[in-house]
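**Student:** Here it is, the structure in full.
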């Protein structure tokens, strides 16, 4: 392996320090290949991951563990154009999406 | 409607917005050989600073409009581990190509971690995570 990203799991620790994901409906904006989604999805009630890059979304779908398939959904969508239900999520997570 | 307004509308009242992104600081590069650490310099990714400033202003605007309240900021270090200088440069070319790596930084890294020597290059990236709550 040539690269290991955050094996210390600093990011995971921080997101769980800031948010209690248990039983929450989560909108994951800029989900990419699901790198961050998997750090909290287990605990949630549901996750909708959006990303404008189709290849990333396809990879996220492929990477979805079987036991999470019933509650994690990924869509190719740009947040600025997405038709989202109003007041439907407990948490909106933006991982490196505003930059 | 901009991105933050759409997210605000999608949140239930009292819902939380988690914003994670790099801080506007140039990442440091270290070479580790056993317990010995050499700071070889910084990556120049200042191209991103303007975008980060725009993002800060956008967040500040929704806070000022009373739509969300800033609750907590946490800053942490995100580490990249790469097991040779060439692996580091390949990673940068593939995933972080807009960043500039000064030639003297590469030279110091090669001096500190010659080919065939066991060790690693670490990139230390400062990340800021902010929790905001829909008012």
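Residue numbers (the working numbering), protein chains in the order written: chain U, 183 to 281; chain R, 4 to 138.
All C-beta atoms, glycine included, are put in the ideal place defined by N, C-alpha and C.
To the nearest angstrom, report how far apart residue 73/R and residue 48/R are at their CA atoms.
**Tutor:** Here residue 73/R refers to the residue found at position 70 when the second chain is read from its first residue. Here residue 48/R refers to the residue found at position 45 when the second chain is read from its first residue. Those two C-alpha atoms are separated by around 27 Å.
**Student:** Pick helix, strand or coil for residue 69/R, following the three-state DSSP scheme.
**Tutor:** Residue numbering aside, residue 69/R sits at position 66 when the second chain is read from its first letter. Looking at residue 69/R - three-state DSSP - the assignment turns out to be coil, as it is neither helix nor strand.
**Student:** Would a C-beta distance cut-off of 8 Å place residue 82/R and residue 124/R closer than the cut-off?
**Tutor:** For the purposes of this step, residue 82/R is identified with residue 79 of the second chain, where counting begins at 1. For the purposes of this step, residue 124/R is identified with residue 121 of the second chain, where counting begins at 1. Judged by their CB atoms, residue 82/R and residue 124/R are not nearer to each other than the 8 Å cut-off.
**Student:** Alpha carbon to alpha carbon, how far is residue 27/R from residue 52/R?
**Tutor:** The residue labelled residue 27/R in the question sits at position 24 within the second chain. The residue labelled residue 52/R in the question sits at position 49 within the second chain. C-alpha separation (whole angstroms): 5 Å.
**Student:** Find the residues of chain R that neighbour residue 185/U, judging by a C-beta separation of less than 9 Å, and give them in chain order.
**Tutor:** By one-based count along the first chain, residue 185/U stands at place 3. Chain R residues near residue 185/U: 83, 84, 85, 86, 90, 91, 93, 94, 98.
**Student:** From residue 200/U to residue 19/R, what does the alpha carbon distance come to, in whole angstroms?
**Tutor:** Position 18 of the first chain, counted from the start, is the residue given in the question as residue 200/U. Position 16 of the second chain, counted from the start, is the residue given in the question as residue 19/R. Rounded to whole angstroms, residue 200/U to residue 19/R spans 10 Å at the Cα level.
**Student:** I need the straight-line Cα distance from residue 222/U to residue 215/U, nearest angstrom please.
**Tutor:** As a working note, residue 222/U is residue 40 in the first chain. As a working note, residue 215/U is residue 33 in the first chain. Using only the alpha carbons, I get a separation of about 14 Å.
**Student:** Would you say residue 48/R reaches chain U, if we count a Cβ-Cβ gap shorter than 8 Å as a contact?
**Tutor:** Stepping through the second chain from its first residue, residue 48/R is reached at position 45. Look at residue 48/R: its C-beta is not under 8 Å from any C-beta on chain U.
**Student:** Nearest-angstrom Cα distance between residue 261/U and residue 36/R?
**Tutor:** Position 79 of the first chain holds residue 261/U. Position 33 of the second chain holds residue 36/R. Taken atom to atom, the span from the alpha-carbon of residue 261/U to that of residue 36/R is near 44 Å.
**Student:** Please return the same chain residues whose Cβ sits closer than 8 Å to the Cβ of residue 238/U, not counting the five positions on each side in sequence.
**Tutor:** Your numbering for residue 238/U matches position 56 in the first chain. Cβ neighbours of residue 238/U beyond the five flanking positions: 213, 214, 215.
**Student:** Can you tell me where the alpha helix (DSSP H) with residue 107/R in it begins and where it stops?
**Tutor:** The residue you call residue 107/R lines up with position 104 of the second chain. Per DSSP, residue 107/R belongs to the alpha helix (DSSP H) from 106-115.
**Student:** Using 8 Å for Cβ pairs, my map puts residue 11/R next to residue 71/R. What's the rounded Cβ distance?
**Tutor:** Here residue 11/R is taken as the residue at index 8 of the second chain, counted from 1. Here residue 71/R is taken as the residue at index 68 of the second chain, counted from 1. The pair is a contact, with the Cβ atoms about 6 Å apart (cut-off 8 Å).
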